[in-house]
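K.L.:
For the sequence shown, the residue numbers in the working numbering are 1190 to 1612. Backbone N, C-alpha and C define an ideal beta-carbon position, used for all residues, glycine too. Handing you this structure, nothing more for now.
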Amino acid sequence: MDVIDIIVAKRDGGELTPGQIDWVIDAYTRGDVAEEQMAALNMAIVWRGMSRAEVARWTDAMLRSGDRLDFTGLGRPTTDKHSTGGVGDKITLPLTPAVAACGAAVPQLSGRGLGHTGGTLDKLESIPGWRAEVPPEEMRRLLGEVGAVVCAAGSGLAPADRRLYALRDVTGTVESVPLIAGSIMSKKLAEGTGALVLDVKVGSGAFMKDPAAARELARTMVDIGTDNGVRTVALLTAMDTPLGRRVGNALEVAEAVEVLAGGGPPDVVELTVTLGREMLLAAGMDGAKDPADALRDGSAMDTWRRLIAAQGGDPDAPLPVAAETLEVTAPVSGTLTRLDAHAVGVAAWRLGAGRARKEDRVSPGAGVTLHAKPGDTVRAGTPLLTLHADDPARFPRAAEALEGAYAFDGPDDRLPLVIERIA
Ligand code: URA
């Protein structure tokens, strides 16, 4: 088979055959298809899309590119959550220990930052000593002992996605229903979870900007999960403004710890509890302890501390702080009616919280603190945002990203936090 024929077929709007899909995923994983060829194919998929049969086969080929974990026989049901990625989306951090504290086992295979959205592993790696690599036999042990593990998909799990994910990040080919669905679902099926809750983000800061595209992505992923025997539910949730008040790796860990301590911003708490309840329901644990109680009574925090320590991290170590800060003040007095998630995400990324190239390192302390959220009243000249960076030369471009990102006293067209449930 010839990769150029496959690229051209998709470029011209054709439907790829199962044989072509199997071949190209396998050849790319083995290194027989060049990065630029795969980038071209990805771009053709972004423009031309894929049929339901193509997406199912693409996902299956990625799944078959590696191993599939099996956590049956743990003594507690496995359940997991995956977000399509948002700005300030640190929900995995409080959610995983909260759900484990309610009795489920949570095998969380997470990713690194993609585009302007942060990655859970980048966030956790800001905790001194914490390591993302956990071999499968240790995952099983941690699921039994702690009830949770948050780690990178090992090189044996969906290796095709590992390479594709990094390539898409730097070639403008993230925003595509089939590519996102295949990427997420191949990893989630490989991870061996029995139940799955998908948090499909909608809005300016999400890969899917409008509810119709997000609904299509959710439906595609729920169908793939269900067809593969995993109880799968999706929630469409708002990503028009950042989640919580901090965006950036260590900044978000600090905010997650506030939630685990029973405080934290109301939107982060509400989404953590809502997704936690869905995860327990999907796992068939209807009468289980409520995640809200686990956050209140300290059991989620206890599990967090054990989870971090079990992966080499020191839960008491001070988190890294960026060397420099710059305050952005409110230009007028009034009610903040818009604070654009995408602009804040790009600003955080330019400050060093994300990567420009796949081999870049992220700056753990970089990011943005939000002193006001839509709905809050502010006075002219008071701090609206604080920018954090190790290198002050990063401030001008970050500030540029924020031009026009906020509005006062305009129409209140905020999305509800939870927009729709798709099962
Ligand atoms: N998250 C993933 O795991 N893959 C994508 O393609 C986008 C978000």
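Does the Cβ of Ser1522 have 16 or more other Cβ atoms within 10 Å, making it buried, or fewer, making it exposed?
P.N.:
Ser1522 is exposed by the Cβ-count criterion.
K.L.:
Note down the Cα distance separating Glu1592 from Val1192, rounded to an integer number of angstroms.
P.N.:
Rounded to whole angstroms, Glu1592 to Val1192 spans 43 Å at the Cα level.
K.L.:
Check the DSSP bridge columns for Tyr1595 and list the partner residues they point to.
P.N.:
Tyr1595 is bridged to Leu1528.
K.L.:
For the ligand FMN, is there a heavy atom less than 6 Å away from the beta-carbon of Thr1273?
P.N.:
The model depicted lacks the ligand FMN and carries the ligand URA instead.
K.L.:
Do Asp1311 and Val1535 have their beta-carbon atoms positioned less than 7 Å apart in this structure?
P.N.:
No, the Cβ-Cβ distance between Val1535 and Asp1311 is not below 7 Å.
K.L.:
Helix, strand or coil: which one does DSSP assign to Gln1297?
P.N.:
In the structure shown, Gln1297 sits in a strand (DSSP, three-state: E or B).
K.L.:
So what's Pro1283 in DSSP terms, helix, strand or just coil?
P.N.:
The answer is helix: DSSP assigns Pro1283 an H, G or I state.
K.L.:
Taking DSSP as the reference, what is the three-state secondary structure of Glu1609?
P.N.:
Glu1609 falls in the strand class under three-state DSSP.
K.L.:
Within the stretch 1227–1278, note down every full beta strand (DSSP E) run reaching 3 residues or more, in order along the chain.
P.N.:
Segments of the beta strand (DSSP E) lying fully in the stretch 1227–1278: 1268–1272.
K.L.:
Nearer than 6 Å: is that true of the beta carbon of Ser1254 relative to any heavy atom of the ligand URA?
P.N.:
No, the Cβ of Ser1254 stays beyond 6 Å of every heavy atom of the ligand URA.
K.L.:
Short check: CB of Arg1237 to CB of Lys1199, under 7 Å?
P.N.:
Yes, the pair counts as a contact, with Cβ atoms nearer than the cut-off.
K.L.:
Is the separation between the beta-carbon of Asn1438 and that of Pro1283 shorter than 7 Å?
P.N.:
No, these two residues do not count as a Cβ contact at 7 Å.
K.L.:
In whole angstroms, what is the alpha-carbon distance linking Thr1514 and Arg1301?
P.N.:
Whole-angstrom Cα-Cα distance: 25 Å.
K.L.:
Looking only at C-alpha atoms, which of Ala1289, Ala1530, Leu1298 and Val1510 sits nearest to Lys1376?
P.N.:
Looking at the Cα atoms, Leu1298 is the closest of the given residues.
K.L.:
If Thr1461 sits next to Leu1606, beta carbons under 8 Å apart, how far is it from one beta carbon to the other, in whole angstroms?
P.N.:
So it is not a contact: roughly 11 Å between Cβ atoms.
K.L.:
May I ask whether a heavy atom of the ligand URA can be found less than 6 Å away from the beta carbon of Ser1372?
P.N.:
The answer is yes for Ser1372.
K.L.:
Can Leu1332 and Leu1263 be called in contact, C-beta distance under 7 Å?
P.N.:
Cβ distance < 7 Å, so Leu1332 and Leu1263 count as in contact.
K.L.:
Could you tell me whether the Cβ atoms of Leu1313 and Gly1255 are closer together than 7 Å?
P.N.:
The answer is no: Cβ separation not under 7 Å.
K.L.:
Could you check where the alpha helix (DSSP H) with Arg1351 kicks off and where it finishes?
P.N.:
Where Arg1351 is concerned, the enclosing alpha helix (DSSP H) stretches over Pro1348 to Asp1358.
K.L.:
From this set, Val1448, Val1366, Lys1398 and Ala1450, which residue's C-alpha is nearest Glu1405's C-alpha?
P.N.:
Answer by Cα proximity: Val1366.
K.L.:
Following the continuous beta strand (DSSP E) through Lys1312, name the residue where it begins and the one where it ends.
P.N.:
Where Lys1312 is concerned, there is no enclosing beta strand (DSSP E), although the alpha helix (DSSP H) it sits in stretches over Thr1309 to Leu1313.
K.L.:
For a quick check, are the C-beta atoms of Thr1409 and Val1557 less than 7 Å apart?
P.N.:
In this structure, Val1557 does not lie closer than 7 Å to Thr1409 by Cβ.
K.L.:
When the Cα atoms are used, what is the spatial distance from Arg1420 to Ala1370?
P.N.:
Roughly 16 Å between the two C-alpha positions.
K.L.:
Check whether the stretch 1222–1239 touches the stretch 1426–1435, counting contact only when three or more Cβ pairs, one atom from each stretch, lie closer than 8 Å.
P.N.:
Judged by Cβ distances under 8 Å, the stretch 1222–1239 makes no contact with the stretch 1426–1435, as fewer than three pairs qualify.
K.L.:
Please give me, in chain order, every unbroken run of the beta strand (DSSP E) with length at least 3 that falls completely inside the stretch 1536–1590.
P.N.:
Listed in chain order, they are 1556–1559 and 1572–1578.
K.L.:
Is Ile1369 near the ligand URA, with its Cβ less than 6 Å from a heavy atom?
P.N.:
True, at least one ligand heavy atom lies under 6 Å from that Cβ.
K.L.:
From Glu1447 to Arg1568, what does the alpha carbon distance come to, in whole angstroms?
P.N.:
Whole-angstrom Cα-Cα distance: 27 Å.
K.L.:
Which residue marks the beginning of the beta strand (DSSP E) containing Glu1513, and which one marks its end?
P.N.:
Element bounds for Glu1513: Glu1513 to Thr1518.
K.L.:
Taking 8 Å as the cut-off, does the stretch 1332–1343 touch the stretch 1488–1504 (at least 3 CB pairs, one atom from each stretch)?
P.N.:
Taking 8 Å as the limit for Cβ pairs, the verdict is that the stretch 1332–1343 does touch the stretch 1488–1504.
K.L.:
Do you know offhand how far Ile1234's Cα is from Tyr1595's?
P.N.:
C-alpha separation (whole angstroms): 34 Å.
K.L.:
What residues in its chain sit with their C-beta under 6 Å from that of Trp1212, if we drop five residues either side in the sequence?
P.N.:
So the list reads Met1190, once near-sequence residues are dropped.
K.L.:
Give me the Cβ distance between Pro1480 and Arg1466, rounded to the nearest whole Å; I'm assuming they're in contact under 8 Å.
P.N.:
Confirmed, Cβ separation roughly 6 Å.
K.L.:
How big is the Cα-Cα spacing for Cys1340 and Asp1201?
P.N.:
Computed Cα separation, rounded: 39 Å.
K.L.:
Do you know whose CA, among Asp1475, Leu1440, Thr1524 and Ser1488, lies nearest Ala1555's CA?
P.N.:
The residue with the shortest Cα to Cα distance from Ala1555 is Leu1440.
K.L.:
Answer with buried or exposed for Ala1242, where buried requires no fewer than 16 other C-beta atoms within 10 angstroms of its C-beta.
P.N.:
It is exposed - the Cβ of Ala1242 has fewer than 16 other Cβ atoms within 10 Å.
K.L.:
In this structure, how does DSSP classify Asp1482 when only helix, strand and coil are distinguished?
P.N.:
Here Asp1482 sits in helix by DSSP.
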